[in-house]
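Contents: one structure, followed by commentary.
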Amino acid sequence: MHGWVEMGRDASGESFGLKKMTSVNLRKVIKELRERFFGTSLELHSHDKYAEIWALDEDDPFKPPAGGESVADVVSRLATALTVIETEFQGRAILLVSHGDPLQIIQTLIHAVKEQMGSCEAEGDLLSMIKGVTVPDILSRHRRFTLLTAELRRLT
């Protein structure tokens, strides 16, 4: 039986030229990829609150909304996740599934690290490189990597 989920997954993989491999052994839940917590005053409200959050992020990505996580807080846990992913899945194509903010922040980090590598400023392991780009000027730009619902984006 072929369900809706499989159809979408197959089509997504085909669009990137990837062959389908499915197995419970290939799936891994990484809790650090969870959605960003925006704090009780902003959490689970209408999408109208997002503009307020993003303005805070742009102003100071190290300052969390009241009781929530800042962009830098999310970077800290994503760095752990990316290090695990790099170690366990090196040389393999992977599909990361998460929420908007974590995925945008991951893209911001990867693009910033790649820019540093191109300018020969990057040295060391992935964690060190992520720490090197965890600065306000870079983190405040994470909204430049906005994703549409269910959008797939290739990162290399």
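Heads up: the sequence shown begins at 921 in my numbering, then just goes up one per residue.
No residue lacks a Cβ here, since even glycine has one placed at the ideal position from N, Cα and C.
CB of residue i within 8 Å of CB of residue j, strictly
i     : j     : result
S961  : A986  : yes
T1066 : A992  : no
F957  : P1056 : no
R997  : E952  : yes
H1019 : E1071 : no
7 Å Cβ shell around residue i - same chain, five flanking residues per side excluded
i     : result
M921  : With a pLDDT of 38 at M921, under the threshold of 50, the predicted position of this residue should be treated as unreliable, though the coordinate-derived value follows. Taken in chain order, the list of residues that qualify is empty.
L1047 : A999 and T1003
V925  : Bear in mind that the predicted position of V925 carries a pLDDT of just 49, short of 50, making it unreliable; the figure below should be weighed with that in mind. Counting only Cβ-Cβ distances below 7 Å, and skipping sequence neighbours, we find nothing.
L1080 : Residue 1080 falls outside the range modelled here, since the chain spans only 921 to 1076, and no answer is possible.
Buried or exposed by the 16-neighbour rule on C-beta atoms within 10 Å, applied to residue i
i     : result
V1017 : exposed
L1068 : exposed
A1032 : buried
L976  : buried
I1005 : buried
G923  : Low confidence applies to G923: its pLDDT is 47, below 50, so where it sits in the model is not reliable, and the reading given next is rough at best. So G923 counts as exposed.
Rounded distance between the beta-carbons of residue j and residue i, thought under 8 Å
i     : j     : result
Q1024 : R1063 : 7 Å
D1021 : V994  : 7 Å
Sequence-distant residues of its chain with Cβ nearer than 8 Å to residue i (five each side left out)
i    : result
P984 : G959, S990 and D993
For residue i, the nearest candidate out of the options (CA to CA)
i     : options                       : result
D979  : Q1036, S1060 and G1038        : S1060
A1001 : E1071, M1037 and I950         : I950
R1073 : R954, E963, L1015 and Q1010   : L1015
L1029 : G1052, E1008 and W974         : G1052
R947  : F1009, M1037, K1034 and Q1036 : F1009
T1007 : M1049, I1058, D1045 and T1076 : D1045
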